[in-house]
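In my numbering, the protein residues as written are 171 to 320.
Take a look at the structure below.
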Amino acid sequence: MNATPYSRMLSLGAREGSTPIEDFLTEALAAATNRDPRPLIALLRTEGIRLRGDLTAATQVVKGDAGRLDLVLSADGVEVVWVEVKAWSGEHGDQLKRYTSAAAALSPKPRVLMLATTGTVPSIDMTRVTWHTLVEAIDDCDEPSDWPRI
């Protein structure tokens, strides 16, 4: 059976070393983004990230030595943003440095950012958005569930 976003959310925690709440939030955000990308597009625009094309979200994307990326946003099939999702855990080792180094070696270079709680500070200079600003972006969208992708 192929995993749906919802079955993936319900099966979280089975992977060794996983952080179930962060994995759940990542899967939920990806499912919501694939249904209606407008709130995430609006949030990223406030950080100077302009996305054009058909936006899709994928989770738990393995990038060789860089590791496993929580969320990868692609526009028209091209990876444009890598998101490290944080809820209640901190950075694992030098994961942010590995992600930014791997992204810098690509062309085009995806932007790397952290989606985290207000108090979480990345160990390196990178864009950080908060869950609060994401909720505000959702609230600012007119009828987000009425997206024409249905």
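Think of the CB as a built atom: it goes at the ideal place given N, C-alpha and C, for glycine as much as any other residue.
- In the structure shown, the three-state DSSP call for SER271 is helix.
- One alpha carbon belongs to THR290, the other to LEU199, and they sit about 19 Å apart.
- Contact annotation: the region 272–283 does not touch the region 255–262, with fewer than three C-beta pairs closer than 8 Å.
- Counting only the Cα atoms, VAL255 lies some 14 Å from THR303.
- When secondary structure is reduced to three states using DSSP, TRP252 falls in the strand class.
- For LEU210, the enclosing alpha helix (DSSP H) has its first and last residue at 208–216.
- Residue range 190–205 is occupied by the alpha helix (DSSP H) that includes ARG205.
- Bridge pairing for VAL305: absent [DSSP].
- For LEU241, the secondary structure class from DSSP, reduced to helix, strand or coil, is strand.
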